[in-house]
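Trainee: In this note's numbering, the protein residues as written are 16 to 302.
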Amino acid sequence: MEKKEPIILSLGGSLIVPDGGINTEFLKKFNEFIRKHVAAGKRFFIVCGGGKIARHYRDAGKAVVGKELTADDLDWLAIHATRMNAHLLRTIFRDIAHRKIIDSYDKKYENLTEPVIIAAGWKPGWSTDYDAVLLGRDYSAKTIVNLSNIDMVYDKDPAKHKDATPIEKTSWEYFRGLVGDEWSPGLNTPFDPVASKLAQKLGLTVIILKGDNLDNLGKAFVGKKFVGTVITPLQLDASFYDREYFEGGKIGGYKGYTTSLAVQILRILRDIFRALKIKIFLRPKSL
Numbered sequence: 016m017e018k019k020e021p022i023i024l025s026l027g028g029s030l031i032v033p034d035g036g037i038n039t040e041f042l043k044k045f046n047e048f049i050r051k052h053v054a055a056g057k058r059f060f061i062v063c064g065g066g067k068i069a070r071h072y073r074d075a076g077k078a079v080v081g082k083e084l085t086a087d088d089l090d091w092l093a094i095h096a097t098r099m100n101a102h103l104l105r106t107i108f109r110d111i112a113h114r115k116i117i118d119s120y121d122k123k124y125e126n127l128t129e130p131v132i133i134a135a136g137w138k139p140g141w142s143t144d145y146d147a148v149l150l151g152r153d154y155s156a157k158t159i160v161n162l163s164n165i166d167m168v169y170d171k172d173p174a175k176h177k178d179a180t181p182i183e184k185t186s187w188e189y190f191r192g193l194v195g196d197e198w199s200p201g202l203n204t205p206f207d208p209v210a211s212k213l214a215q216k217l218g219l220t221v222i223i224l225k226g227d228n229l230d231n232l233g234k235a236f237v238g239k240k241f242v243g244t245v246i247t248p249l250q251l252d253a254s255f256y257d258r259e260y261f262e263g264g265k266i267g268g269y270k271g272y273t274t275s276l277a278v279q280i281l282r283i284l285r286d287i288f289r290a291l292k293i294k295i296f297l298r299p300k301s302l
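1) Quick check on PHE59: does DSSP put it in helix, strand or coil?
2) What would DSSP say about TYR260, mapped onto helix, strand or coil?
3) When DSSP labels each residue in this structure, what does THR204 get in the three-state scheme?
4) With distances taken Cα to Cα, identify the nearest neighbour of LEU162 among LYS19, PRO21, GLU20, GLY28.
5) Kindly confirm or deny that the segment 25-41 and the segment 62-70 touch, where touching means at least three C-beta pairs closer than 8 Å.
6) In three-state terms, what does DSSP make of TYR169?
7) Could you tell me the boundaries of the beta strand (DSSP E) in which LYS184 lies?
8) Given this structure, state the Cα-to-Cα distance separating LYS138 from GLY35, to the nearest angstrom.
9) Using DSSP bridges, identify the partner residues of THR85.
10) Look at the alpha carbon of VAL32 and the alpha carbon of ILE287, and state the distance between them as a whole number of angstroms.
11) Can you give me the start and stop residues for the alpha helix (DSSP H) that ASN161 sits inside?
12) Given this structure, state the Cα-to-Cα distance separating SER186 from ILE159, to the nearest angstrom.
13) Suppose the cutoff is 7 Å on Cβ atoms and the five residues either side in sequence are ignored; what does the same chain contact list for ARG285 look like?
14) Report the residue ranges of all alpha helix (DSSP H) runs contained in full by the segment 205-239; include only those spanning at least 4 residues, in chain order.
15) What three-state label does DSSP hand ALA253 in the structure shown?
16) So, helix, strand or coil for THR180, using DSSP?
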């Protein structure tokens with residue numbers, strides 16, 4: 016029997032280990048949330064980030080050793096932090112998760128039948144976002160959901176710029192123009208630049224939303240309107256790529272215009288075609 020397309024979750028480490036220690040309250044809610052959706056027939060690959068513990072280890076290494084530490088040295092500290100977080104997640108989901116954690120991506124694991132698969136960092140130069148993209152490639156997932164500590168992507172840092180504009184949907188070209196092309200240990204971007212390049216090449220869709228808002232995440236799973244940013248591989252102009260069209264809820268608008276009946280009918284047919292094309296080819300909420 017054909018397996019259902021999995022949902023790839025890139026779980027930000029700051030959700031697991033923020034300042035102040037392991038966030039057990041979030042993990043309790045996340046445990047219930049995942050189990051509820053597993054019971055409804057969904058299947059998950061969950062890639063764990065390193066969180067504050069990774070940053071603390073990197074900072075400690077730099078404080079003791081100084082400039083002699085290489086970028087690879089710092090990356091290895093963070094990678095092992097992701098693996099520790101992954102072991103915690105696998106323990107939480109021990110009865111429904113595969114017994115091994117994916118921490119190597121040079122080959123595809125066969126016979127992964129469990130509804131939950133936990134993954135961690137692999138090697139220097141790549142973030143867990145990149146690992147999530149590799150899972151999407153290897154296990155035929157079209158969409159990656161990045162569970163972050165931000166509601167959505169902005170055109171510039173909202174903490175520094177009061178006029179920062181939230182982005183509901185965008186192309187990979189535009190997003191990559193925001194985040195650049197280079198990766199460095201501890202880089203803080205909504206989605207890793209190197210991972211973004213590969214996701215674009217593979218034609219994947221990435222949804223970025225606030226990971227601790229599980230009600231909002233649940234809406235994304237069932238196709239309801241949610242708060243977040245959708246990055247797609249398709250090139251669409253502004254009039255075509257309307258958020259309401261994207262959600263299938265706007266067909267036959269233009270009620271405020273005075274036009275002939277024939278033009279109105281043509282516009283309605285055009286809108287129906289747009290909505291169908293977006294739902295068929297983008298499907299970012301058909302998770």
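Quick reminder that beta carbons are idealized off the backbone N, C-alpha and C, glycines included. The structure displayed is predicted, hence computed values, not measured ones.
Mentor: If we stick to the structure as given:
1) What you label residue 59 is simply residue 44 of the sequence shown in a count that begins at 1. Note: PHE59 maps to strand in three-state DSSP.
2) For the purposes of this step, residue 260 is taken as residue 245 along the sequence shown, with counting starting at 1. Because the pLDDT of TYR260 is 38, which lies under 50, any placement of that residue in the model is unreliable, and the number read from its coordinates should be weighed accordingly. Here TYR260 sits in helix by DSSP.
3) Along the sequence shown, read from residue 1 onward, the residue named residue 204 stands at position 189. It is coil, neither helix nor strand.
4) Taking the sequence shown and counting its residues from 1, the one referred to as residue 162 is at position 147. The candidate whose alpha carbon is nearest that of LEU162 is GLY28.
5) yes
6) Locating residue 169 in the sequence shown gives position 154, counting from the first residue. Here TYR169 sits in strand by DSSP.
7) For the purposes of this step, residue 184 is identified with residue 169 of the sequence shown, where counting begins at 1. Its beta strand (DSSP E) spans residues 184-186.
8) Position 123 of the sequence shown, counted from the start, is the residue given in the question as residue 138. Position 20 of the sequence shown, counted from the start, is the residue given in the question as residue 35. For LYS138 and GLY35, the distance between alpha carbons rounds to 27 Å.
9) One-based indexing of the sequence shown puts residue 85 at position 70. Answer is none; THR85 lacks a bridge partner.
10) If you number the sequence shown from 1, residue 32 lands on position 17. If you number the sequence shown from 1, residue 287 lands on position 272. Going by the C-alpha atoms only, they are around 45 Å apart.
11) For this step, residue 161 is matched to residue 146 along the sequence shown. First-last for ASN161: 158-163, but that is the beta strand (DSSP E), not the alpha helix (DSSP H).
12) Within the sequence shown, numbered from 1, the residue matching residue 186 stands at position 171. Within the sequence shown, numbered from 1, the residue matching residue 159 stands at position 144. C-alpha separation (whole angstroms): 15 Å.
13) The residue given as residue 285 occupies position 270 in the sequence shown. Once the five neighbours on either side are set aside, ARG285 has no close Cβ partner at all.
14) 208-217, 229-237
15) Within the sequence shown, residue 253 is the residue found at index 238, counting from 1. At ALA253 the pLDDT is 47, less than 50, meaning the model places this residue with poor confidence; the figure from the coordinates comes in the next sentence. In this structure, ALA253 counts as coil in the three-state DSSP scheme.
16) Locating residue 180 in the sequence shown gives position 165, where the first residue counts as 1. In this structure, THR180 counts as coil in the three-state DSSP scheme.
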